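Trainee: So that we are looking at the same thing, I have put the structure below in structure tokens.
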Amino acid sequence: MSGSTDWEVLDTGTLTTVQDLGRPGHAHLGVPRAGALDLPAAALANRLVGNDAAAAVLEVTFGGLALRAGAGRWVAVTGAPGPVSVDGAARGHARGEWVPAGATLRIGPPVTGVRSYVAIAGGITVPPVLGSRSTDTLAWVGPPRVEAGATLPVGEPAGQPRPLDTPRPPRAGSLRLTVGPREDWFAADAVDLLCGTTYTVHADSNRIGLRLSGATLERARSGELPSEGMVLGAVQVPPSGQPVVFLADHPVTGGYPVIGVVDADDLWQCAQLRPGDEVRFTRSAGPVPRDARR
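Residue numbers (this note's numbering): 921 to 1214.
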């Protein structure tokens, strides 16, 4: 290992990336915000091990991560629940666990959900890019995806672990939708159809967008819009009429009309929806939160 605190990556499963709160404010440069898709789960993991909220964690898709500790640290695994072990001994989910130097931490496939979050006391201290350690999977800004054989630098612990930290992440429900800005591009019943039927998560979903299959949203206009800015949570509708919810690695511009925007507080659910899971939208009475839309 390159340093006494570095952790060695033995296996990464389907996809493991480094994520923090993301890099908002760079859309005008063509750079998505990135960041953990399930922010409440990532925040809980950091609190459980005494980290600052902005500390970088590992986002693990469908499990399969194995790490060898270079230095003993408190670790917490949150998000999608699944088997957690240290040197083969079962450990808990969503709680602080001590991993001694030289021990192997393994995260198995989740029983529900998609993405698990691994916080290590001291945080993952890869070099930041544009103020963030997050990996953007659209333009690959930030650190590369985590690969077997790599080493991860880990910082010094800054706080004490919290074994029973609160608040816990919210419960799942429907995705609240603020209608617009391009609802006039759709048939008069399109919003009622979107909010009145059930959609199914498509297998092509990823960190860029949650692709849905279900009732076709018909347009009232022909042609396409000139390319315009896209925001986090935008529900864009391509010519197929099947909606796509833009997530953390979404493109910053697009030419398909946006029928609505999902409430920022509900977007964490999109991180944990599996192909085949059902999704419902409800019309929101409130405005789109401005601080989450850049």
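Even glycine gets a Cβ: it sits at the ideal position worked out from N, Cα and C.
Treat the numbers as computed from the prediction; the structure is a model and nothing was measured.
Leaving aside the five residues before and after Ser1125 along the sequence, list all residues of the same chain whose C-beta is less than 6 Å from its C-beta, in chain order.
Mentor: Arg1131
Trainee: Closest by CA to Val1038, which one among Pro960, Cys1115, Gly1062, Ala1140?
Mentor: Answer by Cα proximity: Pro960.
Trainee: Using the Cα positions of Leu949 and Gly1051, report the straight-line distance between them to the nearest angstrom.
Mentor: When rounded, the distance between both Cα atoms is 14 Å.
Trainee: For Ala1000, collect the residues of the same chain with a Cβ closer than 7 Å to its Cβ; drop the 5 residues on either side in sequence, then sort them by chain order.
Mentor: Close CB contacts of Ala1000 within its chain, under the 7 Å cut and outside five residues either way in sequence, are with Pro1030, Thr1032, Gly1033, Val1034, Arg1035, Ser1036, Gln1192 (chain order).
Trainee: Decide if Leu1084 is buried, meaning its Cβ has at least 16 other Cβ atoms within 10 Å, or exposed.
Mentor: exposed
Trainee: Out of curiosity, what's the CA-to-CA distance linking Gly1093 and Leu1113?
Mentor: 18 Å
Trainee: Should Tyr1119 and Glu1144 be called a contact, given that it needs their Cβ atoms to be closer than 8 Å?
Mentor: no
Trainee: Let me know if Trp1060 comes out buried or exposed under the rule of 16 or more other beta-carbons within 10 Å of its beta-carbon.
Mentor: exposed
Trainee: Straight-line CA distance for Pro1020 to Pro1090?
Mentor: C-alpha separation (whole angstroms): 32 Å.
Trainee: So, do the stretch 1060 to 1077 and the stretch 1011 to 1020 have three or more beta carbon pairs nearer to each other than 8 Å?
Mentor: no
Trainee: Gly990: which of Leu930, Thr937, Ala1168 sits nearest, CA to CA?
Mentor: By alpha-carbon distance to Gly990, the top candidate from Leu930, Thr937, Ala1168 is Leu930.
Trainee: Assess contact between the stretch 1158 to 1168 and the stretch 1066 to 1084, defined as three or more Cβ pairs (one per stretch) separated by less than 8 Å. Is contact present?
Mentor: At 8 Å Cβ cutoff, the stretches do not touch.
Trainee: Of the residues Val1182, Thr1055, Leu1097, Pro1048, which one's Cα is nearest the Cα of Val980?
Mentor: Among Val1182, Thr1055, Leu1097, Pro1048, the Cα nearest to that of Val980 belongs to Thr1055.
Trainee: Quick one, are the C-beta atoms of Ala986 and Arg1011 less than 8 Å apart?
Mentor: no
Trainee: Which whole-angstrom value describes the C-beta separation of Leu1095 and Val977, a residue pair presumed to lie in contact below a C-beta threshold of 8 Å?
Mentor: Their Cβ separation, rounded to whole angstroms, is 24 Å, which puts Leu1095 and Val977 out of contact at 8 Å.
Trainee: Put Trp1060 into one of helix, strand or coil per three-state DSSP.
Mentor: Note: Trp1060 maps to coil in three-state DSSP.
Trainee: Check the C-beta distance from Gly1042 over to Pro1077 and give it rounded, since I have them as a contact under 8 Å.
Mentor: Confirmed, Cβ separation roughly 5 Å.
Trainee: Could you check which residue in Leu1072, Leu968, Thr936 has the C-alpha nearest to that of Leu957?
Mentor: Of the candidates Leu1072, Leu968, Thr936, the one whose C-alpha sits nearest the C-alpha of Leu957 is Thr936.
Trainee: Could you round the C-beta distance between Gly1149 and Ala947 to whole angstroms and report it? I think they count as a contact, below 8 Å.
Mentor: 7 Å
Trainee: Rank Pro1195, Asp1109, Val1182 by C-alpha distance to the C-alpha of Ala1205 and give the top, closest one.
Mentor: Val1182
Trainee: Of all the CB atoms in chain D, is at least one closer than 8 Å to the CB of Ala1023?
Mentor: This model lacks chain D altogether; it includes just one protein chain.
Trainee: Leaving aside the five residues before and after Thr998 along the sequence, list all residues of the same chain whose C-beta is less than 6 Å from its C-beta, in chain order.
Mentor: Ala961, Leu964, Ala965, Ala1014, Tyr1037
Trainee: Within 10 angstroms of the Cβ of Thr1117, are there 16 or more other Cβ atoms? Answer buried if so, exposed if not.
Mentor: exposed
Trainee: Given that a residue counts as buried once 16 or more other Cβ atoms are within 10 Å of its Cβ, and exposed if not, what is Gly1002?
Mentor: By the neighbour-count rule (16 or more Cβ atoms within 10 Å), Gly1002 is buried.
Trainee: If I measure Cβ to Cβ from Asp1186 and keep anything under 6 Å in the same chain, skipping five residues before and after, which residues do I get?
Mentor: If we look at Asp1186 and ignore the five residues flanking it on each side, its Cβ neighbours are Leu1095, Arg1096.
Trainee: With a threshold of 6 Å on Cβ separation, who are the neighbours of Ala1110 within its own chain once the five nearest residues in sequence on each side are excluded?
Mentor: So the list reads Leu1137, once near-sequence residues are dropped.
Trainee: Looking at C-alpha atoms only, which residue of Val1121, Arg1088, Ala1070, Pro1146 is the closest neighbour of Arg1102?
Mentor: Pro1146
Trainee: Tell me the DSSP secondary structure of Glu1103 in three-state form.
Mentor: helix
Trainee: Who are the Cβ neighbours of Val1006 in its own chain at under 6 Å, not counting the five residues just before and after it?
Mentor: Val1019, Ala1023, Leu1025
Trainee: How long is the line joining the alpha carbons of Arg993 and Val1121, rounded to whole angstroms?
Mentor: 37 Å
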